[in-house]
Amino acid sequence: MDLATPERAPHPEAPAAPYARVKQFLKEGLGHGHWAPGALMPSEAELVARFGVSRMTVTRALRELLAEGLVTRVQGVGTFAAHLSKVSSTLTIRDLHDEIAERGHRHHAEVHTARQERASAELALQLGLNSGDTVFHTLIVHFENGVPLQCEDRYVNPACAPDYLSVDFTQTTPTHSLLQVAPLWEAQFSIEASQASAQEARL
11 MDLATPERAP
21 HPEAPAAPYA
31 RVKQFLKEGL
41 GHGHWAPGAL
51 MPSEAELVAR
61 FGVSRMTVTR
71 ALRELLAEGL
81 VTRVQGVGTF
91 AAHLSKVSST
101 LTIRDLHDEI
111 AERGHRHHAE
121 VHTARQERAS
131 AELALQLGLN
141 SGDTVFHTLI
151 VHFENGVPLQ
161 CEDRYVNPAC
171 APDYLSVDFT
181 QTTPTHSLLQ
191 VAPLWEAQFS
201 IEASQASAQE
211 ARL
């Protein structure tokens, strides 16, 4: 099985320590979705050969990724990309469908928008894109037992989930779909209260 990632130009701020270079290589691969959740990652021997470092150096890099919850290791088998829904000890990403089901209630969703758009300068900055680049936009209202519960207005970088707009979001949530193809390993969030816009009130 070919587990090598595509070659990338050296990062201008690449760490100097050998173990840190190995760790960054694997972490960036995970962040770009090169290894899907549960996928077998390069072996220690492959990493030793690729980077020209000792096995002890590779072991340290893998041990730190394991401590961060980014990989799992099976003795005698290898290292696997973790199934990531938790990005820290204080932030857990939950699927709304699962939360509603746990309460013994019924979830359904209405999709109001599912299309390609051009990213504004502000949105492009948030998604690591250039202004005017293509983004995927969905606007979905989630219901619990027939009562509107959440208005989800989401923008997605197509590089992370190329097939995002082909998903039937009346059958699965965007959160569930994205966690299958683009594991979350870094997040920023903010919480604020605001009045519904006229468009949101009509949904």
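Numbered per the numbering used here, the sequence shown spans residues 11 to 213.
Glycine is no exception: its CB is placed at the ideal position from the N, C-alpha and C atoms.
Taking the alpha carbon of residue i as the point to measure from, which residue in the options has its own alpha carbon closest?
i, options, result
"glutamate 171", "Gln126, Ser53, Val81 and Val84", "Correcting the residue type first, residue 171 is alanine in the shown sequence and not glutamate. The option with the nearest alpha carbon to alanine 171 is Gln126."
"valine 32", "Trp45, Ala46, Pro47 and Arg65", "Arg65"
"glutamate 154", "His186, His107, Leu188 and Gln198", "His107"
"threonine 89", "Leu40, Thr123 and Thr144", "Leu40"
"leucine 80", "Phe35, Ser200, Glu202 and Glu120", "Phe35"
"leucine 188", "Asp105, Glu120 and Arg113", "Asp105"
"histidine 93", "Pro47, Asp173, Cys161 and Val157", "Pro47"
"histidine 147", "Phe179, Arg116 and Val84", "Phe179"
"tyrosine 218", "His152, Val145 and Pro28", "With the chain covering only 11 through 213, there is no way to say anything about residue 218."
"leucine 50", "Gly62, Pro28 and Gln85", "Gln85"
"leucine 159", "Thr82, Gln181 and His118", "His118"
Identify, in the order they occur along the chain, each residue of the same chain with its Cβ nearer than 8 angstroms to the Cβ of residue i, setting aside the five sequence neighbours on each side.
i, result
"alanine 30", "Ala71"
Pick helix, strand or coil for residue i, following the three-state DSSP scheme.
i, result
"alanine 55", "helix"
"histidine 42", "coil"
"glutamate 78", "coil"
"proline 158", "strand"
"alanine 91", "strand"
Under 8 angstroms between the Cβ atoms of residue i and residue j?
i, j, result
"glutamate 54", "valine 68", "yes"
"alanine 134", "glycine 43", "no"
"asparagine 167", "glycine 138", "yes"
"threonine 185", "isoleucine 103", "yes"
Could you name the residues of the same chain whose beta carbon sits closer than 6 angstroms to that of residue i, not counting the 5 residues immediately before and after it, in chain order?
i, result
"proline 28", "Val63 and Thr67"
"leucine 175", "Ala124 and Phe146"
Rounded C-beta distance between residue i and residue j? I'm assuming under 8 angstroms.
i, j, result
"leucine 213", "valine 121", "Contact flag wrong, Cβ pair sits at about 11 angstroms."
"cysteine 161", "glutamate 202", "14 angstroms between Cβ atoms; not a contact."
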